[in-house]
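Have a look at the structure below before the remarks.
In our numbering, the protein residues as written are 757 to 1010.
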């Protein structure tokens, strides 16, 4: 691929990624700013992406949002993943048994990505959704995923990456994060209390493949004000789910 075409492809992907993170849409001017390309080149790129339905132009506005084709492509990741259908059923069972919201996610760089969320009947709704990206250091799910790293690997991962707070309770010390992740390795359970969302606590467990690598995690989130909660019971339910999720991984190359 010629350097010019490589740059255009890179810009197209950067545009889709940026717009996907802006629920209200993005103006043409903003797109020009993030690509640093001539307006004529950006116009041609955006027009092509709209024609292919990777982007949609909002009627009566010079603004753009993600198109249906992105949904199709993203959904194919789940539909072609043999582990997802197994995990989905088990995560729903965890939610039903705890009567709380459950999540299933993976690690991507410094972030947790929710591959599946199942809501409970609780009045407090957790501000998350399938496909959401959230800093791993701020969530129990993320700490469970980070437990697959050695301390040296964790220090390298966050060497030039400050731990930004999401709430007043978020961990911002790398030493503290390393200590908590070490505890997750020892106990196979991660905890969070209002570190990513106010009034929400969370417990998570890592999922290992047959090589012992952490490839995913499952969690239960619940309101901090509920006084009749038994976190130990939730942890035990998650441990059962962990066994159920890891069993098929003994025969799957994931």
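Positions of the beta carbon are idealized from the N, C-alpha and C atoms, including for glycine.
For residue j and residue i, the rounded distance between their alpha carbons
{"i": "residue 947", "j": "residue 960", "result": "7 Å"}
{"i": "residue 829", "j": "residue 993", "result": "33 Å"}
{"i": "residue 936", "j": "residue 803", "result": "48 Å"}
{"i": "residue 913", "j": "residue 1006", "result": "28 Å"}
{"i": "residue 940", "j": "residue 873", "result": "22 Å"}
{"i": "residue 807", "j": "residue 794", "result": "20 Å"}
{"i": "residue 853", "j": "residue 980", "result": "18 Å"}
{"i": "residue 788", "j": "residue 839", "result": "39 Å"}
{"i": "residue 757", "j": "residue 847", "result": "Because the pLDDT of residue 757 is 48, which lies under 50, any placement of that residue in the model is unreliable, and the question is left without a value."}
{"i": "residue 1008", "j": "residue 900", "result": "21 Å"}
{"i": "residue 976", "j": "residue 918", "result": "27 Å"}
{"i": "residue 972", "j": "residue 886", "result": "14 Å"}
{"i": "residue 817", "j": "residue 906", "result": "49 Å"}
{"i": "residue 865", "j": "residue 986", "result": "33 Å"}
Distance between beta carbons of residue j and residue i, contact taken as under 8 Å
{"i": "residue 926", "j": "residue 894", "result": "5 Å"}
{"i": "residue 775", "j": "residue 824", "result": "Incorrect: roughly 13 Å between the Cβ atoms, too far for contact."}
{"i": "residue 903", "j": "residue 970", "result": "6 Å"}
{"i": "residue 857", "j": "residue 898", "result": "In fact, because the Cβ distance is near 16 Å, the residues do not count as touching under 8 Å."}
Buried/exposed call for residue i, threshold 16 Cβ in 10 Å
{"i": "residue 891", "result": "buried"}
{"i": "residue 805", "result": "buried"}
{"i": "residue 968", "result": "exposed"}
{"i": "residue 820", "result": "buried"}
{"i": "residue 962", "result": "buried"}
Where the beta strand (DSSP E) through residue i begins and ends
{"i": "residue 973", "result": "970-979"}
{"i": "residue 781", "result": "Residue 781 -> no beta strand (DSSP E), and no H or E assigned at all."}
Limits of the alpha helix (DSSP H) - the one that residue i falls within
{"i": "residue 795", "result": "795-807"}
{"i": "residue 993", "result": "987-1005"}
{"i": "residue 878", "result": "No alpha helix (DSSP H) contains residue 878, which DSSP labels as neither H nor E."}
{"i": "residue 840", "result": "838-854"}
{"i": "residue 825", "result": "824-835"}
{"i": "residue 948", "result": "Careful: residue 948 lies outside any alpha helix (DSSP H), inside the beta strand (DSSP E) at 946-949."}
Counterpart residues of residue i in DSSP-defined beta bridges
{"i": "residue 763", "result": "None; residue 763 has no bridge partner."}
{"i": "residue 890", "result": "868"}
{"i": "residue 820", "result": "782 and 813"}
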